[in-house]
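Take any residue in the sequence shown, note its place counting from 1, add 217, and you have its number in the working numbering.
Below is one structure, written out as structure tokens, with a few remarks after it.
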Amino acid sequence: MKKWIIGTALFIASTCAFAQGADTPISSPAPREAAADSTTWIGTLYNKEYNVYFRIDFYHQNITIPGQSIFGEMPGYFGDYNDGRKWLITNVTIDKHGIAHLAITNDYGSEDLEATMEKDSDGKYIFTQGSGSDMKIARKGKWQKLPKKMEFIKK
218 MKKWIIGTAL FIASTCAFAQ GADTPISSPA PREAAADSTT WIGTLYNKEY NVYFRIDFYH
278 QNITIPGQSI FGEMPGYFGD YNDGRKWLIT NVTIDKHGIA HLAITNDYGS EDLEATMEKD
338 SDGKYIFTQG SGSDMKIARK GKWQKLPKKM EFIKK
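What follows is the structure, encoded as structure tokens:
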């Protein structure tokens, strides 16, 4: 009887604690006023040299990773057309200059980094890796580090 009472009390306490945090967002949406329009930070961005892409929606933050829906909706992800591994954008903020500041982790959660992305006057997106791990992709059975700065175009 004592075990049942303690078990029930723990269950109720954990349920209450979970319910209080259920309406708290995991990450705050990026401010819309920072972007010039509502299409700058949405879509698929492609890099031909490495055959990689970003799929992003920094406004609604409702991108689901194909085959990895367990992670839920997020601002976007980085993918490779030659390999199924993904780098997840877990948080994004857009500053008053229109620069997106990204928190990124690999799909195993073993590596993470901070990065920025900005759109230049030619319409190209410049992705710059900051502090943390180096982003890598698989090529011919080996890991290849990506450059710290890469250009992407919108598809």
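Glycine is no exception: its CB is placed at the ideal position from the N, C-alpha and C atoms.
**Study point:** Other residues of its chain near A332: CB distance less than 7 Å, five sequence neighbours each side excluded
**Key:** The residues L319, I321, F344, T345, Q346, G347, in chain order, have a CB closer than 7 Å to that of A332 in the same chain once the five nearest residues on each side in sequence are set aside.
Practice item. Give me the Cα-Cα distance between G289 and H277, rounded to the nearest whole angstrom. Key: 13 Å
Review point. Rounded to whole angstroms, how far is the Cβ of P292 from the Cβ of V309, which I believe are closer than 8 Å?
Key: 4 Å
Review point. Since T310 is in the beta strand (DSSP E), which residue starts that stretch and which ends it?
Key: That run of the beta strand (DSSP E) goes 300-311.
Review point. What is the DSSP secondary structure of F275, reduced to helix, strand or coil?
Key: coil
Practice item. Report the partner residues of N264 according to the DSSP bridge assignment. Key: When beta bridges are read from the DSSP output, N264 appears opposite V269.
Point to revise | Cβ-based neighbour list, D337, same chain, cut-off 8 Å, excluding 5 preceding and 5 following | key: I343
**Study point:** Reduced DSSP category for I282 - H, G, I as helix; E, B as strand; rest coil
**Key:** Collapsing the DSSP output to three states places I282 in coil.
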